[in-house]
DNA sequence: AAGCGCCAGATTGTCGACAATGTGCGCCTA
DNA sequence: TAGGCGCACATTGTCGACAATCTGGCGCTT
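Residue numbers (full-length UniProt numbering), protein chains in the order written: chain F, 1 to 227; chain L, 1 to 227.
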C-alpha cells in the first residue's frame, strides 16, 4: 500500500472533525460567504469547547476559507472575480509545474492507475450525462493524482491542503454543471499521455490550457450571473 | 502611505510575540533542526500558558518550520538536500510568476522605490564587502518588493508568509556568505529593468535564473560540508 | 441638532486544571 | 537471556472560567 497523504487521513481529534464539518459547510454555502464567524455560536452548534474550535479556525484560515483579524473575529471569505482570477493564475502555474515534475517522477504503475481512473470516470460519466457532482469529484481526483505524482511535498501541500477547498468553493457556489464535462475528459487524457511519454514540457502546457479553459468557463458563469 | 502587509504588522497578541521569537530561534538554529518541541517546556521558557503557544505552533506548522503529529507532538523540520531542491523548484516557478505579474501590475512609483532600494544596498554593500547579513536582508527585501508588486494575494501569502522563513533557515544554517553577493545585485538590477520595461516574459526568465543560481550556490555549500 | 466621549454588552485572548493518548521502563515468561 | 506484556509517567487534547479588547448606543456639550 502507498502512504496516505496527511490531508486525507481520517479525523482523529475533535478539532479535525469540526474542521471537516465547517469546511464542508463553507464550501457548500451552508455558512454564507462573507458572514461573520462567532466562536461561541459554533461551539454550541458543534457541542464542544472553544479550544478545538479555534484550532479548526486556524486551519480554515490556512486554506483561505476564512479571514481573521486579531480581537475582532473571523469572517468567511467573499468570492469575487478578482479573487477567482488570482487563484487561477496561481493554479495554472502550480499545476503546470506539478505536471512537469510528474512527468519526471511518476512511476509507470502510478500512471497506469490514473489511466484506469479516467476510464472508470468516462464510463460512469457517459451514463449520467448531466450529473456534475461525479464529474467534479473525478476531476479533483485526477488533479490530485497528478499533483501527488510531482513528489514535491511543498507543492502537494499548497495545492491539496491550501488551495483546493477554495477552488471547490468557487465551483460549487457558482454551480459548475456546463457542457465542459466531456471536453475536460479529453484534456485529462491528453495530459496523462504526455506524462506517460515523459514529455514534461507538453504536460505543463496542456495542464495550463486545461485550467485556463476551466477558468474561462467559470468567468462566463459569473458574467451571466452579473447580467 | 502604502498598506502594510499582514505578515509585517507588529505583534499585538502574546501568541504573535512568542511566534516571532520561536521563528527566529528556529531559523537561526537556537532550537536545533530535528529536535522535539515540548509544549510545557516552551511555555515555561516564554512564561505564558499553552493556549497562545499552541496558536504559535499552528502558525509555525503553516510556514513549514515544524511538523506536528496528533497526540505525539511537534518536531523542528530537518534540513535535507531533497527538501532544499523541492523548495527551490517551487520558488523558481512562483517568483518567476511574481515577476511576470509585477511587470503588469507594479506602478512606476513602486518601481522607482525598488531602484532606490537597490542603489542604497549597492553603496552600503560596497562598503562592507564581506558582511553577509546586510546582503541577505537586502536580497529578501528586493524579493519581497517584487512579490508584493504582483498584487496577487495568494501568491504573496505563500511566498512571504509560508516559504520565506524556510528559505532563510536554509541560508542561515548553511552560512551563505560566498562571493555571489555582487553578482546577485547585478541580477536584481536586470530584473527590475525588465519589469520597468513591462517585459514580463524576460523578468520571469531572469528571476528563474537568479534563483537557480542561488540554489546551485547553496548546493555547492552543502556538498562541501558533506565532504 | 450634530458630534464627541463614555458606558454596557458581547466577543476574543489567555489561563490553569482535567481527560485521553502515547512512551519507556521493568517484570514475567519461555 | 531475549522477547512480549503491563504499568507508571509524561505529553497532548479538551474544558470552563477570567481578563483584555472591541462594538454599539446613550447622554452630554457646543
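We treat Cβ as the ideally placed atom computed from N, Cα and C, and that holds for glycine. Computed from a predicted structure; not experimentally measured.
*Where does the unbroken beta strand (DSSP E) through residue 74(F) begin, and where does it stop?*
By one-based count along the first chain, residue 74(F) stands at place 74. Note, residue 74(F): beta strand (DSSP E), 73-76.
_Which residues does DSSP list as the beta-bridge partners of residue 67(L)?_
As a first step, residue 67(L) must be located in the second chain, where it is residue number 67. Per DSSP, 75(L).
*Using DSSP with H/G/I as helix, E/B as strand and the rest coil, what is residue 31(L)?*
To locate residue 31(L), count along the second chain from 1; it is residue 31. Correct three-state label for residue 31(L): coil.
*Excluding sequence positions up to five away, which residues of its chain have a Cβ less than 6 Å from the Cβ of residue 68(L)?*
For the purposes of this step, residue 68(L) is taken as residue 68 along the second chain, with counting starting at 1. Result list for residue 68(L): 61, 74, in chain order.
*So, is residue 220(L) buried or exposed, given that buried needs 16 or more other C-beta atoms within 10 angstroms?*
Residue numbering aside, residue 220(L) sits at position 220 when the second chain is read from its first letter. Within a 10 Å sphere around the beta-carbon of residue 220(L) sit fewer than 16 other beta-carbons, which makes this residue exposed.
*At a Cβ threshold of 9 Å, is residue 13(L) touching chain F?*
For the purposes of this step, residue 13(L) is identified with residue 13 of the second chain, where counting begins at 1. So yes, residue 13(L) belongs to the interface.
*Would you please verify whether the beta carbon of residue 175(F) is less than 9 Å from any beta carbon of chain L?*
Indexing the first chain from 1 puts residue 175(F) at position 175. No, residue 175(F) lies away from the interface with chain L (no Cβ there is under 9 Å from its Cβ).
*With a cut-off of 9 Å, does the C-beta of residue 191(L) fall near any C-beta of chain F?*
Along the second chain, read from residue 1 onward, the residue named residue 191(L) stands at position 191. No, its Cβ sits nowhere closer than 9 Å to a Cβ of chain F.
*Using the beta-carbon of each residue, which ones in chain F are nearer than 7 Å to residue 70(L)?*
As a working mapping, residue 70(L) is identified with position 70 in the second chain. Contacts between residue 70(L) and chain F, judged by CB atoms closer than 7 Å, involve 12, 13 in chain order.
*Using 9 Å as the limit for Cβ to Cβ distance, is residue 62(F) near chain L?*
On the first chain, residue 62(F) is found 62 positions in, with the first residue counted as 1. It does; some Cβ of chain L falls within 9 Å.
*Can you tell which of 17(F), 57(F), 81(F) has its C-alpha closest to the C-alpha of residue 174(F)?*
In the first chain, the residue the question calls residue 174(F) occupies position 174. Looking at the Cα atoms, 81(F) is the closest of the given residues.
_CB contact below 9 Å: residue 228(L) versus chain F_ = This structure gives no information on residue 228(L), because the portion of chain L shown stretches from 1 to 227.
*asked:* My assumption, with CB atoms under 8 Å, is that residue 100(L) sits in contact with residue 14(L). Please give the rounded CB distance.
replied: Translated into the one-based positions of the second chain, residue 100(L) becomes position 100. Translated into the one-based positions of the second chain, residue 14(L) becomes position 14. The Cβ separation is near 40 Å, so there is no contact.
*Is residue 54(F) close to chain L, meaning its C-beta is less than 9 Å from at least one C-beta of that chain?*
Stepping through the first chain from its first residue, residue 54(F) is reached at position 54. Yes, its Cβ sits closer than 9 Å to a Cβ of chain L.
*Can you tell me where the alpha helix (DSSP H) with residue 158(F) in it begins and where it stops?*
Taking the first residue of the first chain as 1, we reach residue 158(F) at position 158. Secondary structure note for residue 158(F): it is in no alpha helix (DSSP H), with a DSSP letter that is neither H nor E.
*Where residue 105(F) and residue 98(F) are concerned, what is the direct C-alpha to C-alpha distance, given to the nearest angstrom?*
Counted from its first residue, the first chain places residue 105(F) at position 105. Counted from its first residue, the first chain places residue 98(F) at position 98. Those two C-alpha atoms are separated by around 10 Å.
*Using DSSP bridges, identify the partner residues of residue 37(L).*
Translated into the one-based positions of the second chain, residue 37(L) becomes position 37. Its beta-bridge partners are 74(L).
_Residues that residue 229(F) contacts on chain L, provided the C-beta gap is smaller than 7 Å_ = Residue 229(F) lies beyond the stretch modelled for chain F, which goes from 1 to 227, so this question has no answer here.
*asked:* Is residue 81(F) near the ligand FMN - that is, is its Cβ less than 8 Å away from at least one heavy atom of it?
replied: The ligand FMN is not among the ligands present in this structure, which contains no ligands whatsoever.
*Would you mind stating whether residue 201(F) and residue 63(F) have Cβ atoms separated by less than 9 Å?*
Mapped onto the first chain, residue 201(F) falls at position 201. Mapped onto the first chain, residue 63(F) falls at position 63. In this structure, residue 63(F) does not lie closer than 9 Å to residue 201(F) by Cβ.
_Secondary structure of residue 200(F), DSSP reduced to three states_ = By 1-based counting over the first chain, the position of residue 200(F) is 200. In the structure shown, residue 200(F) sits in a helix (DSSP, three-state: H, G or I).
*Could you tell me the boundaries of the alpha helix (DSSP H) in which residue 81(F) lies?*
Within the first chain, residue 81(F) is the residue found at index 81, counting from 1. Counting along the chain, the alpha helix (DSSP H) containing residue 81(F) begins and ends at 81-105.
*Would you mind sorting residue 89(L) into buried or exposed? The rule is 16 or more other CB atoms within 10 Å of its CB.*
Position 89 of the second chain holds residue 89(L). With 16 or more other Cβ atoms within 10 Å, it is buried.
_chain L contact for residue 162(F) (CB, 9 Å cutoff)_ = Position 162 of the first chain holds residue 162(F). With 9 Å as the cut-off, residue 162(F) counts as an interface residue toward chain L.
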